[in-house]
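Take the sequence shown: its position 31, counting from 1, is numbered 31 in the UniProt record's numbering, and each next residue is one higher.
By construction, the Cβ of each residue, glycine as well, lies at the ideal position given by its N, Cα and C atoms.
All of these numbers come straight from a predicted model, not from anything done at the bench.
The structure under discussion appears below in the form of structure tokens.
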Amino acid sequence: RFHQWLEQMPENIVRTKGIVWLAQYNDVACLLSQAGSSCNIHPVTYWVATMSESQQQAILEARQDVVEDWDIEYGDRQTQFVIIGTDLDQEKISRELDACLIHSSEIDEDWRLLDSPYQWTYDRRM
């Protein structure tokens, strides 16, 4: 759904950049970078929540920002990006982006089975 939104985003959005949590790539944080008609999404790092307990502990001790944003169920997984444009309809964009989110009825599904529009792969952690 998010990919469809990116393909049809309003033309007055000129720049978008940040980190996204894509359901079918639950283990990795992906970088979103859009400028004009060019848009790229690719994995940049594993979420801390997918790391070993010792790795998590070390990061959480060193990074207060990760601790502050930590979710009891999802850890550090989140989507956070900025949108820059002219005459943006913030309410409409928010509604459209909210519609891209996983629905409560989909929470228990195996998200890895979702079709991916992206051509890249990565080594999943087991």
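DSSP-derived helix/strand/coil call for residue i
i	result
R125	Any reading at R125 needs caution, since the residue's pLDDT is 46, under 50, leaving its predicted position unreliable; the model's value is listed next. In the structure shown, R125 sits in coil (DSSP, three-state: anything other than H, G, I, E or B).
Option in the options with minimal Cα separation from residue i
i	options	result
P43	A35, R112 and C30	C30
I13	K92, S52, G75 and A99	K92
W21	D65, E7, L88 and T50	T50
Contacting residues, own chain, Cβ-Cβ under 8 Å from residue i (five flanking each side not counted)
i	result
G85	P10, N12, I13, V14 and R15
Y46	D27, V28, A29 and R125
Beta-carbon contacts of residue i that lie in its chain and below 7 Å, excluding the five residues immediately before and after
i	result
V48	Q56, I59, V66, G75 and D76
G36	V14
G18	L32, Q80, F81 and V82
Same chain, Cβ closer than 6 Å to residue i, five either side skipped, listed in chain order
i	result
D87	N12
R1	C100
TODO: Note down, one range per segment and in chain order, each beta strand (DSSP E) of at least 3 residues found wholly within the stretch 16-96.
DONE: Counting only runs of 3+ residues, the beta strand (DSSP E) found wholly inside the stretch 16-96 occupies 28-35, 38-46 and 80-85, in chain order.
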